[in-house]
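In our numbering, the protein residues as written are 24 to 219.
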């Protein structure tokens, strides 16, 4: 019961974030195929709204999965929203052999999120999967059709002490070297009292 109420609340958050995106879009429609900033684009507002949308969407997906209701995504699976990228950064990516992030192409192929939530456009999981396949994006690993897999903790492994970025295996020796100013680039000084 509590999880169902939580789902209703996240639906509200999702709609709020979609409203922010739509407002930003209506003020100045973006170059959807590239998501590169052009003169007149309000990238700060768009990027914050995109982050709000993606966070709300991720929580909504996780909650649907937790409730065992992820079949809802078979009917309504709104896409992720990319941030705007600065033109100079996009240019650098192209010149260094890269390009646009594949998610940008998936986004461009899907209906706008606010249109999906209002029921104006259909966006079932199958449509999102087809767009992902076209652009060689894994729809599950990329969190397009399922929640992002939970991160798992790794086993603790002791790391060496660092003295100004230089690894020193013995913590006591590291302490003495640090207090003496070794590797600091400054003049040496007397080690801490316990070493004299």
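Just so it is clear, CB atoms sit at the ideal spot from N, CA and C, and this is done for glycine as well.
Here the structure is a predicted model, which is why all the values come from computation and not from measurement.
Using DSSP with H/G/I as helix, E/B as strand and the rest coil, what is residue 95? helix
Residue 146 lies in the alpha helix (DSSP H); which residues open and close that run? First-last for residue 146: undefined, no H or E at that position.
Inter-residue Cα distance where the pair is residue 63 and residue 47: 12 Å
Check each candidate in 79, 45, 59 and 50 and name the one with the smallest Cα separation from residue 31. 79
Quick one: what's got a C-beta closer than 7 Å to residue 45's C-beta in the same chain, skipping five residues either side? 137
Near residue 124, what residues of its chain come up, given a Cβ to Cβ distance below 8 Å and the 5 sequence neighbours on each side ignored? 105
Let me know if residue 114 comes out buried or exposed under the rule of 16 or more other beta-carbons within 10 Å of its beta-carbon. exposed
Please report the distance separating the alpha-carbon of residue 142 from that of residue 179. 48 Å
Within the same chain, show all residues whose beta-carbon is closer than 7 Å to that of residue 139, passing over the 5 residues directly before and after it, in chain order. 99, 101 and 146
Could you tell me the alpha carbon to alpha carbon distance between residue 29 and residue 87, rounded to whole angstroms? 10 Å
Is residue 108 helix, strand or coil by DSSP? strand
Rounded to whole angstroms, what's the CA-CA distance from residue 89 to residue 96? Just pull it up for me. 13 Å
Could you check how far apart the C-beta atoms of residue 168 and residue 148 are, in whole angstroms? I think they sit under 8 Å. 5 Å
In the DSSP assignment, the alpha helix (DSSP H) including residue 202 goes from what residue to what residue? 194-203
Between which two residues does the alpha helix (DSSP H) harbouring residue 46 extend? 25-50
Roughly how many angstroms lie between the CA atoms of residue 39 and residue 163, to the nearest whole one? 25 Å
In whole angstroms, what is the alpha-carbon distance linking residue 196 and residue 177? 28 Å
From the DSSP output, which residues share a beta bridge with residue 163? DSSP output for residue 163 lists no bridge partner at all.
Given a cut-off of 8 Å on the beta-carbon distance, is the pair residue 41 and residue 103 in contact? no
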